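Participant: Just dropping this structure here.
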Amino acid sequence: VTGLGGGGRLVVGVGGLVSGVAAGAALLLGGYDVAPELVAPTLVLNLAVGWSFIGVGLIAWSRRPDNRTGVLMVLLGFAWLLRIAGAVAQPAWFVFGFVTSSLYLGVLAHLLVTFATGGITTPAQRALVVIGYLLTVPTTVLLLVLVARSGSCWDCPRNLVVVSRSSGSAVVLLRISVVGLVVTILLTATLLAVVLTQWWRAGRAQRRSMGPAVVGAVTILGTLVVQRIGVLLDFPPALSAGLAWSSQVVLVVWPLALLFGVLRSRLDRSAVSSMIVELGAGLAPDRLEVVLARTLHDPSLRLAFWLPEREAFVDSRGAPVALTPTSAGRALTYLDRDGARLAVLLHDAALAEDPELVSAVAAGAGMAVENERLHAEVRAQLRDVRESRARIVDAADAARRRVERDLHDGAQQRLVTVALALKLAGRRLGSAPAEEIAALLQETGDELLGALDELRELARGIYPVLLTDAGLGPAVIALAERSPIPAVVSTAPAERLPGPVEQTGYFVVSEALANAAKHSAAGRVAIDLQAGGGALIVEVSDDGVGGADANGSGLRGLADRVAAAGGSLRLTSPPGGGTQLIAELPMGLPVARP
Amino acid sequence: MSTRVLIVDDHAPFRTLARLLLTADGFDVVGEARDGAEAISAARVLEPEVVLLDVQLPDIDGFGVAEVLARDARAPTVVLVSSRSRGDYGSRVADCVARGFIAKAELSGDELRRVLGNEQRTAS
């Protein structure tokens with residue numbers, strides 16, 4: 008049904024018009040004597056309710072084809088007009104009118120259960136809708152059969168449509184099925200509870216659009232409950248008639264409330280316009296999210312910007328944002344421009360039913376979003392630089408602490424030993440045998456050689472003199488020769504490269520070899536350095552256990568060091584598959600890439 | 028009777044040389060310990076008069092060991108040694124219960140006697 012095109016809706020509209028005219032004719036010319044003062048209000052109210060539902064329903068249907076509310080409104084209008092068949096004073100028409108007299112209540116129940124969600128979404132909703140329909144035509148038919156069997160008849164046929172003080176016979180008929188009435192009251196009360204629960208659970212954006220429809224629904228249901236209880240308890244006819252009139256009046260305007268809920272975005276064009284004006288006047292940083300939240304009436308709205316380089320979303324401060332689209336009641340709308348992702352809106356799920364509004368807002372805010380995205384990108388980079396700067400300072404401090412400890416534990420201890428041994432030799436000179444003195448002096452010499460070795464190793468660790476004197480190639484070859492794991496340098500640049508590139512390249516190889524020796528259990532390491540095309544590519548791979556952690560402090564420090572030289576680092580280390588580290592270092596100016 | 032000394036240092040060559048040097052200079056080295064815990068138990072068993080205590084130990088540092096020893100009933104006199112200089116420890120040496128401090132390279136019987144004697148005079 009929802010697939011009906013514009014032409015189909017035109018036919019339905021004409022059908023509604025014709026049905027209304029026919030119903031009016033039935034009321035005026037049906038053959039019953041109607042009190043003159045009741046003719047005009049009956050005619051006007053019945054046609055108003057029927058046409059209101061059909062007309063407004065068609066508008067809702069054409070604007071929101073995916074939402075079932077419009078279709079149900081149209082059906083309700085027709086069901087409402089159908090029951091006026093009972094105004095024709097002939098037995099067949101009477102029976103038809105009587106049987107269909109409550110059909111509109113079934114459609115009304117259906118509408119009340121689903122207007123907030125736009126369709127049936129849960130088994131409980133389905134059950135309520137089915138019970139609602141069962142209480143209409145099937146129950147009435149059952150009643151007719153029972154009455155026919157009992158042989159009794161009431162003063163039939165009489166006009167069932169006109170509400171008058173003498174509708175006592177209808178009351179008699181309804182009394183036959185007190186059970187049905189009680190069930191109806193219970194159903195109506197349940198519907199009231201359903202509507203109020205949906206209202207209670209709705210987010211702010213949804214409440215706004217539901218508001219008028221909920222007020223109308225509560226009024227209608229309240230009137231229905233009181234009216235049915237009145238029938239059960241035999242209220243004075245004047246009161247029952249009053250309630251029936253008032254529920255019809257509410258029914259005339261309720262379709263407009265439903266339409267408001269379905270089409271709220273159309274009414275919010277003004278909000279979008281004022282947003283565009285506000286954005287045009289320039290916006291303080293961080294304010295865009297606030298403006299979007301206000302325009303979409305969703306205070307929980309969050310805006311996150313896409314950074315293609317790191318393939319992640321960040322907020323306006325550049326901090327990473329975790330997107331959890333699965334969390335209940337939340338939905339994501341991606342904002343793209345020229346096929347490129349710009350940002351994402353994390354918003355109340357109710358707005359997802361309003362894609363036109365969201366996309367209108369997104370289109371209106373496009374330029375501001377693009378600007379803000381650039382801001383966020385810069386802030387994210389600044390954040391990265393700050394973090395890596397702090398890590399580099401920490402790493403330098405740690406390195407100095409290590410040098411102090413190495414000196415203290417190594418060369419310093421050996422020199423202390425030398426000093427004491429010489430002092431002891433001096434004391435014993437003359438009194439001790441020459442062999443003892445010789446042994447002490449031998450120990451002194453050994454300790455001094457050990458101290459020299461350690462100092463040399465330490466100095467080379469602080470800065471390799473070969474790198475300064477001979478360049479990256481010879482320095483890396485010397486490094487490979489000293490590696491505890493056999494390391495082979497396949498290619499190394501013979502020419503000198505810019506200082507920062509040589510230093511960083513050497514650092515990469517040195518750290519990679521140290522990591523391999525510590526963690527990889529590898530049997531062999533291959534080193535390859537290729538200079539050309541404005542960059543130096545350093546590749547170090549081993550045949551070890553793999554599984555290296557790129558966020559471990561060693562590799563993190565290496566990545567910082569490479570980033571500081573404007574380069575990038577790539578780690579491939581599947582468990583059991585060896586470790587491959589590739590650094591690309593630009594040989595232009597050592598500045599951070601944009 | 029010569030003064031009974033316990034040498035505490037995690038560096039074996041230093042312990043050996045310190046023992047030879049102090050013995051040559053007339054001290055009685057009654058034992059050696061490699062770390063703080065060993066130093067505390069050795070001091071309680073051997074009851075030395077002087078503990079020559081390295082500041083940099085693998086477990087508790089020398090300042091901590093000195094605090095523990097000072098609480099014992101027959102507390103030995105503690106002299107700190109280190110391959111660092113006294114200035115590297117700032118006011119920690121002065122604030123410590125130890126009698127004094129000797130840089131390792133300057134260790135000798137005379138130096139140890141000077142530290143013990145000096146401080147004793149100041150104390151009395």
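For the record, the sequence lines run as chains S and Z.
Note that my numbering gives residue 67 to position 60 of the first sequence, counting from 1, and the numbers run on in steps of one.
Note that my numbering gives residue 51 to position 24 of the second sequence, counting from 1, and the numbers run on in steps of one.
Note that CB positions come from ideal geometry on N, CA and C, so glycine has one too.
No experiment lies behind these values; they were computed from the predicted model shown.
1) For the segment 420-436 of chain S, which residues have a beta carbon sitting closer than 9 Å to at least one beta carbon of chain Z?
2) Chain S partners of A171 of chain Z, CB-CB under 8 Å?
3) To the nearest angstrom, how far is the alpha carbon of A30 of chain S from that of G104 of chain S?
4) Would you please verify whether the beta carbon of A60 of chain Z is less than 9 Å from any beta carbon of chain S?
5) Within a Cβ cutoff of 8 Å, which residues of the same chain sit near E74 of chain Z, ignoring the five residues on either side of it in sequence?
6) Can you pull the chain S neighbours of P85 of chain Z, defined as C-beta to C-beta under 8 Å?
7) Just to make sure I have the definition right: I need the residues of chain S whose C-beta is within less than 8 Å of the C-beta of L48 of chain Z. Which are they?
8) With distances taken Cα to Cα, identify the nearest neighbour of A33 of chain S among S:V18, S:R16, S:L54.
9) List in chain order: all unbroken beta strand (DSSP E) runs of 3+ residues lying wholly within the segment 99-134 of chain Z.
10) If we define contact as Cβ-Cβ less than 9 Å, is L44 of chain Z a contact residue for chain B?
11) Could you tell me which chain S residues have their CB closer than 7 Å to the CB of S135 of chain Z, listed as they occur along the chain?
12) If you run the structure through DSSP and keep just helix, strand and coil, what is Q234 of chain S?
13) In chain order, what residues of the same chain lie with their CB nearer than 6 Å to the CB of L576 of chain S, ignoring the 5 residues before and after it?
14) Hey, would you say L562 of chain S sits closer than 9 Å to A572 of chain S, going by beta carbons?
15) Roughly how many angstroms lie between the CA atoms of G57 of chain S and R348 of chain S, to the nearest whole one?
16) So for P327 of chain S, helix, strand or coil by DSSP?
17) Quick check: what's the CA-CA separation for R133 of chain S versus L118 of chain S?
18) How would you list, in chain order, the residues of chain Z whose beta-carbon sits under 8 Å from the beta-carbon of V415 of chain S?
19) Can you confirm whether S29 of chain Z, when its beta carbon is compared against all beta carbons of chain S, has any partner nearer than 9 Å?
20) Using the beta-carbon count (16 or more within 10 Å), is A311 of chain S buried or exposed?
21) Is the segment 220-230 of chain S in contact with the segment 247-263 of chain S, if contact means three or more CB pairs nearer than 8 Å?
22) With 16 other CB atoms within 10 Å as the buried threshold, where does C163 of chain S fall?
23) How should R503 of chain S be labelled, buried or exposed, when 16 other C-beta atoms within 10 angstroms of its C-beta is the threshold for buried?
24) Quick check: L286 of chain S and A372 of chain S, are their CB atoms within less than 9 Å of each other?
25) Can you pull the chain S residues whose beta carbon is under 9 Å from the beta carbon of F41 of chain Z, in chain order?
26) So, at 7 Å on beta carbons, what are the nonlocal neighbours of A300 of chain S in its own chain, with the 5 sequence-adjacent residues on each side left out?
27) Determine whether the Cβ of E454 of chain S lies closer than 9 Å to any Cβ atom of chain Z.
28) Report all residues from its chain with a CB closer than 6 Å to the CB of Y140 of chain S; omit the five preceding and five following residues, and keep chain order.
29) Looking at chain Z, is there any beta carbon in it that lies within less than 9 Å of the beta carbon of E384 of chain S?
Facilitator: Reading from the atomic positions:
1) Under the 9 Å Cβ criterion, the segment 420-436 of chain S contributes Q420, R421, L422, V423, T424, V425, A426, L427, A428, K430, L431, R434, R435.
2) With chain Z covering 28 to 151 only, the question about residue 171 of chain Z has no answer from this structure.
3) When rounded, the separation of the alpha-carbon atoms in A30 of chain S and G104 of chain S is 11 Å.
4) Contacts with chain S at 9 Å (Cβ-Cβ) do not include A60 of chain Z.
5) Result list for E74 of chain Z: R31, R101, P103, in chain order.
6) When 8 Å is used as the limit between beta carbons, P85 of chain Z is near no residue of chain S, the shortest such separation being about 11 Å.
7) L427, K430, L431, R434, listed in chain order.
8) Residue nearest to A33 of chain S within the set S:V18, S:R16, S:L54 is S:L54 (criterion: CA-CA distance).
9) As far as the segment 99-134 of chain Z is concerned, its whole beta strand (DSSP E) runs of at least 3 residues are 104-109, 127-130.
10) The chain labelled as chain B is not found among the protein chains of the depicted structure, namely S and Z.
11) Simply K430.
12) Assigned with DSSP and collapsed to three states, Q234 of chain S falls in helix.
13) So the list reads A566, V569, A590, once near-sequence residues are dropped.
14) Not in contact: L562 of chain S and A572 of chain S (Cβ atoms no closer than 9 Å).
15) Answer to the nearest angstrom: the Cα atoms are 48 Å apart.
16) It is a strand residue.
17) Distance between the alpha carbons of R133 of chain S and L118 of chain S: 12 Å.
18) Going by the sequence as given, residue 415 of chain S is His instead of Val. For a Cβ distance threshold of 8 Å, residue set Q83, S110, R111 of chain Z lies close to H415 of chain S, ordered along the chain.
19) Chain S contact via Cβ: absent.
20) With 16 or more other CB atoms across the displayed protein chains lying within 10 angstroms of its CB, A311 of chain S is buried.
21) Touching, per the Cβ criterion.
22) Any answer about C163 of chain S is weak, because its pLDDT of 48 lies below 50 and its placement is not dependable; what the coordinates show is given next. Looking at its Cβ environment, which holds fewer than 16 other Cβ atoms inside 10 Å, C163 of chain S is exposed.
23) Counting Cβ neighbours within 10 Å, R503 of chain S comes out exposed, since fewer than 16 surround it.
24) Against a cut-off of 9 Å, the Cβ pair of A372 of chain S and L286 of chain S comes out as a contact.
25) Those within 9 Å of F41 of chain Z in chain S are Q420, V423, T424, L427.
26) Closer than 7 Å at the Cβ level, and outside the excluded window around A300 of chain S, lie P306, L308.
27) So, interface residue.
28) These residues qualify, in order along the chain: G113.
29) False, the Cβ-Cβ gap to chain Z never drops below 9 Å.
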